[in-house]
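Residue numbers (my numbering): 705 to 1229. Backbone N, C-alpha and C fix where the C-beta goes; we use that ideal spot for every residue, glycine too. Fair warning: this is a prediction, and the values are worked out from it, not measured in the lab.
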């Protein structure tokens, strides 16, 4: 055989009859790559010894690119199916993913996040509610990571203005009410009332800026829990929060804020001074009725009083009087309480004209006399056996209580989705301020008081002779503050004042930056 051994450079080579390999007879080394046969012809070349050139592995008849596209489309179908998309909407998501990846698709965790972002963007383009938190829960990724991918998709597609409308919080409430397991056993008529009342309250909350700059789903959960309780549907705020993919603690906070806003509206009712957060749920039907009628009133000016709203005051006060019955009872031969009111008709409402209107003024003394007379008659009925106590069951209408829908008419325009400018122009009895703005103002005021107190402490130490002597009130105030104690914030403010930091800068509350700029920098130098 021609050639030499690669080990000993000998020329005594022979070919083995069994394996066909070339072996050196001197050193016995098998010569490498002697029988190698290069398979030329590209991806579509002939079959090799161990692999088929151009395929994606054992057991597959697809090449690498086709298999990648096939698996990517399976991921798209799986995610859109779990999100409840129709076939046409799933195809829209697939087209969107193909457009962004230029038909290459992809594999890995990032691709699932891309599909989720495209699903969210596709729904937003059609102005259909799909919370981002629900998408993140479906694809099991971090919410902020999904949000960053959504921003990249929006920038790539250059979606602006009408092409990418804002999040539909009203549609999200209706979607949550109709798809939530907590409301699956509620009758259709009751569910429709819950949805309308929820839309009404939610848009009132938007007008009061309770949703401004915040995640929308916690307020959706809070509104659903409140209106469900008013319609005698028992749901847990923990369950509703989990079903709408919102934090329970945030939902409870929004619920308290909503109750606080209703308390402020309820103060305009004749008995408003007695309404608190503890009893607002019991008074909520009358407050919502007032808000509904206020939104429907065709008044000429803003800021009208309670007398300008066409509320059925007779029914409202009568209901409050009937609530004297703390147990379930059946009233027999109870005189019609219309005798307490000298009104023409069963209710008094606004006239369409702003001139020559008859205003209803009922003083607190008049209401007190009405209530006293009612108590006297109730005492007489109890003594005569006119009221039969019934325990262990609810009588509803027999006990004189209104059903959950009698106080709700559903004719207000706020029961339907409104544009923002229409919503802001509608009067519901309260013009609220953004909670973040109110909190900021209170924080500024608190810090300003601390600054003044710190200046007084510094002045008393540095200039004791100028300190006012004999001011009893000031001395009492100092003792009270001394009993409370000085907090770390007071020490920081004193330090900043001693370093000649402007009060306007301290009021902003950026203590770390001010300390680093004015205090620690002087130590370094």
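Counting of Cβ neighbours within 10 angstroms places residue 723 among the exposed residues, the total staying below 16.
For residue 979, no beta strand (DSSP E) segment is defined, and its DSSP state is neither H nor E.
DSSP, reduced to helix, strand and coil, places residue 719 within a strand of the structure shown. Pairing residue 792 with residue 950 gives a Cβ-Cβ distance that is not under 8 Å. By the Cβ-count criterion, residue 835 is buried, with 16 or more other Cβ atoms from all chains shown falling within 10 Å of its own Cβ. Within the stretch 1107-1131, the alpha helix (DSSP H) runs of at least 4 residues that lie entirely inside it are, in chain order, 1124-1129.
The Cβ-Cβ distance between residue 873 and residue 922 does not fall below 8 Å. Taking one beta carbon from each stretch, the stretch 898-914 and the stretch 923-939 have 3 or more pairs nearer than 8 Å; the two touch.
Assigned with DSSP and collapsed to three states, residue 903 falls in helix. DSSP lists 727 as the bridge partner or partners of residue 734. Taken through DSSP and simplified to helix, strand or coil, residue 1139 comes out as helix. With distances taken between CA atoms, residue 832 lies nearest to 788 out of 852, 843, 851 and 788. Each residue's CA atom was taken as its position, placing residue 1210 and residue 1131 some 39 Å apart. Rounded to whole angstroms, the gap between the alpha carbons of residue 1221 and residue 1215 is 10 Å. For residue 918 and residue 910, the gap between their C-alpha atoms comes out near 11 Å. Between the alpha carbons of residue 986 and residue 1121 lies a gap of roughly 27 Å.
Cβ-Cβ distances below 6 Å link residue 1200 to 1210 and 1218 in the same chain, with the five nearest sequence neighbours on each side left out; the list follows chain order. Taken through DSSP and simplified to helix, strand or coil, residue 1073 comes out as helix.
Collapsing the DSSP output to three states places residue 870 in coil.
Closest in C-alpha terms to residue 720, from the list 733, 1205 and 932, comes 733. Counting every other CB atom within 10 Å of its CB across the protein chains shown gives residue 942 a total below 16, marking it as exposed. A buried status is given to residue 796, since no fewer than 16 other beta-carbon atoms sit within 10 Å of its beta-carbon. Between the alpha carbons of residue 961 and residue 1164 lies a gap of roughly 42 Å.
With contact defined as three or more Cβ pairs closer than 8 Å, the stretch 843-861 and the stretch 815-834 are in contact. Per the C-alpha coordinates, the member of 825, 855 and 813 positioned closest to residue 844 is 813. Judged by DSSP secondary structure, residue 1192 falls within the alpha helix (DSSP H) whose first and last residues are 1192-1202. Comparing alpha carbon positions, the residue from 839, 790 and 772 closest to residue 807 is 772. Distance from the Cα of residue 1114 is smallest, within the candidate group 997, 1157 and 785, for 997. Remark: C-beta atoms of residue 1155 and residue 1190 do not approach each other more closely than 8 Å.
In this structure, residue 884 sits near residue 947, with a CB-CB distance shorter than 8 Å. Excluding the 5 residues flanking it on each side, residue 977 has same chain C-beta neighbours closer than 8 Å at 971, in chain order.
Burial state of residue 825 is buried, judged by a 10 Å Cβ sphere holding 16 or more other Cβ atoms. Per DSSP, reduced to three states, the secondary structure at residue 787 is coil, with no helix or strand assignment.
In this structure, the straight-line span from the alpha carbon of residue 713 to that of residue 725 is close to 17 Å. Only exposed fits residue 867, as fewer than 16 other CB atoms lie within 10 angstroms of its CB.
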